[in-house]
Amino acid sequence: MLMRTDPFRELDRITQQLVGPNGTWSKPSVMPLDAYREGDTYVIAFDLPGVSTDAIDIDVERNQLRVKAEPRPTAKAERVQMELSERPLGVFSRQIMLADTLDTENIEADYDAGVLTLRIPIAERAKPRKISISGAGDRKQISG
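If you're matching positions, the sequence shown starts at 8 in this note's numbering and goes up one per residue.
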């Protein structure tokens, strides 16, 4: 149910993550995800360890889903000399194009143990349905 995006847009996004907003090279902030269908619901699970629910922002505009999160602040004191820093800093952001077959008005979000789970119902118009066929004897004829 995810829609493929323009590969050049993805290249621009990756370049911006590498270069950063201030023009310096940085390590990209990663927000890995799993997406799957579970019955009549589409589920997207994002890994966001160490992020509080207050620091997560979820927006939907038309079919564009945007998840933004700011991880925990670092413990930097004036007298601390950092020897190794592998924990991501900055803002995580991920944009996903959703298919028209999803009901973006009824998205449910849950955050537990560092995993943000979004449940998006599949729209009624996209669900399979039976079409009845009328026979020749069932048709009404219009006399003129």
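Every residue, glycine too, gets a C-beta built ideally from N, C-alpha and C.
CB contact flag (residue i, residue j, <8 Å)
| i | j | result |
| --- | --- | --- |
| Asp4 | Val98 | Limits of the chain in this structure are 8 at one end and 151 at the other, which puts residue 4 out of reach. |
| Met38 | Val67 | no |
| Thr60 | Arg126 | no |
| Thr111 | Asn70 | yes |
| Ile65 | Ala130 | no |
Cut-off 6 Å between Cβ atoms - residues of its own chain near residue i, not counting five sequence neighbours on either side
| i | result |
| --- | --- |
| Tyr43 | Val50 |
| Glu90 | none |
| Val58 | Ala76 and Pro78 |
| Ala62 | Ala76 and Glu77 |
| Lys137 | none |
| Arg132 | none |
| Leu72 | Ile103 and Leu105 |
Nearest neighbour of residue i, chosen from the options [CA to CA]
| i | options | result |
| --- | --- | --- |
| Thr108 | Arg101, Lys134 and Ala120 | Lys134 |
| Leu40 | Gln88, Glu93, Ser100 and Leu96 | Ser100 |
Strand pairing of residue i, partner residues [DSSP]
| i | result |
| --- | --- |
| Val37 | Answer by DSSP bridge pairing: none, since Val37 is not bridged. |
Residues near residue i in its chain [Cβ-Cβ closer than 7 Å; skip 5 each side]
| i | result |
| --- | --- |
| Leu18 | none |
Could you tell me which uninterrupted beta strand (DSSP E) segments, each at least 3 residues in length, are contained entirely in the region 71–107, listed from first to last along the chain?
-> Entirely contained in the region 71–107, the beta strand (DSSP E) runs reaching 3 residues are, in chain order, 71–76 and 99–104.
Starting from the N-terminal side, write out each stretch of the beta strand (DSSP E) that is 3 residues or longer and does not extend beyond the region 117–149.
-> Here the runs fully enclosed are 122–128.
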